[in-house]
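If you count by the numbering used here, then the sequence shown holds residues 16 to 247, one letter each, in order. Beta carbons: idealized from backbone N, C-alpha and C, even for Gly. Nothing here was measured: the structure is a model prediction, and the numbers come from that model. See structure below.
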Amino acid sequence: ALSEAGYRVIAYDRRGFGQSGRPTAGYDYDTFAADLADVLTQLDLSDVALAGFSMGGGEVARYLGRHGASGRVTRAMLLGAVPPFLLKTADNPGGVDKAVFDGMLESVRNDRIAFLGDFFYGFYNLDRNKPEGQELVAFSKWQAWEASPLATQQCIVAFGTTDFRADLAQFAVPTLVVHGDADQIVPVDVSGRRSHEMIKGSRLEVLPGAPHGFAATHARQLNALMLDFLRS
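Encoded structure:
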């Protein structure tokens with residue numbers, strides 16, 4: 016939809032995933048943000064609208080927090096994103112218990128294939144939503160299975176423990192926050208609503224009944240929101 020509307024769309028594989036390299040270190044948000052900065056610099060991009068889905072929203076947040084707009088970024092979109100801070104702590108009592116992330120990490124270490132196979136049931140809320148064909152679910156599993164096992168483990172630690180609250184305070188570009196109110200992976204009350212509250216002037220759109228993977232189950236609604244935001 017974005018390409019058809021005349022926008023140039025660039026998607027890259029995070030280190031350890033897809034066709035990118037699989038180093039043995041650097042699976043933290045400071046490094047992820049530096050990687051993003053390198054992409055923008057190497058391609059010499061300007062008037063960029065950064066869009067980060069799920070843990071990718073952390074890359075957007077850390078990039079803007081550490082690097083600023085850098086004369087390149089003019090808008091940001093956080094889509095079902097993990098900021099501001101998932102982990103439950105004394106000063107973040109509404110977060111997710113550490114035991115949840117510890118359990119995920121243990122499951123990945125014990126049987127990564129089985130864990131990732133089950134993960135997408137809640138990712139798409141398959142008891143209530145039917146993505147366009149089971150092929151999409153199979154493809155999602157394949158993408159996850161193909162990732163570096165080390166990257167998978169360390170990314171659980173990264174998105175489960177990284178505090179982005181200071182980063183959100185640095186946002187100085189128009190920002191769209193989209194979240195599903197039936198997200199079982201990254202609950203909207205823990206993330207989307209709080210990010211909206213912390214980012215001055217941001218726009219929040221909550222998709223009724225949408226799961227974490229709303230880009231597939233609610234694609235038309237998401238595309239319409241993104242296009243409206245880009246044109247506004």
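Where residue i sits in the DSSP three-state scheme
| i | result |
| --- | --- |
| phenylalanine 68 | strand |
| asparagine 140 | coil |
| leucine 183 | helix |
| leucine 17 | coil |
| isoleucine 200 | coil |
| threonine 177 | coil |
| glycine 83 | coil |
| glycine 132 | helix |
| arginine 127 | helix |
| glycine 207 | helix |
| lysine 156 | helix |
| glycine 228 | coil |
| isoleucine 171 | helix |
| arginine 23 | coil |
| serine 122 | helix |
| alanine 166 | helix |
| alanine 96 | coil |
For residue i: DSSP bridge partner residues
| i | result |
| --- | --- |
| glycine 195 | Leu222 |
| arginine 90 | Ala64 |
| leucine 102 | Val111 |
| threonine 190 | Ala91 |
Check whether residue i and residue j have beta carbons under 8 angstroms apart
| i | j | result |
| --- | --- | --- |
| proline 227 | valine 201 | Residue identity differs from the one stated: residue 227 is histidine in this sequence, not proline. Yes; because the gap between Cβ atoms is below 8 angstroms, this pair is in contact. |
| phenylalanine 174 | glycine 95 | no |
| glycine 109 | leucine 102 | no |
| valine 54 | tyrosine 27 | yes |
| leucine 240 | methionine 213 | no |
| glycine 207 | valine 188 | no |
| arginine 77 | phenylalanine 179 | yes |
| leucine 165 | threonine 39 | yes |
| tyrosine 139 | valine 152 | yes |
| phenylalanine 229 | leucine 79 | no |
| glycine 195 | alanine 225 | yes |
| leucine 60 | arginine 81 | no |
| valine 172 | leucine 120 | yes |
| arginine 127 | threonine 177 | no |
| glycine 137 | glutamine 236 | no |
| asparagine 255 | phenylalanine 116 | Outside the shown range of the chain (16 to 247) lies residue 255, about which nothing can therefore be said. |
| glutamine 169 | tyrosine 42 | yes |
| leucine 242 | alanine 16 | yes |
| proline 98 | serine 217 | no |
Which parts of the stretch 25-80 are runs of the alpha helix (DSSP H), unbroken and 4 residues or longer, counting only runs that do not cross its ends?
44-57
Taking one C-beta from the stretch 55-68 and one from the stretch 80-91 each time, how about it: are there three or more such pairs within less than 8 angstroms?
yes
Taking contact to mean 3 or more Cβ pairs, one atom from each stretch, closer than 8 angstroms, check whether the stretch 151-169 and the stretch 114-133 are in contact.
yes
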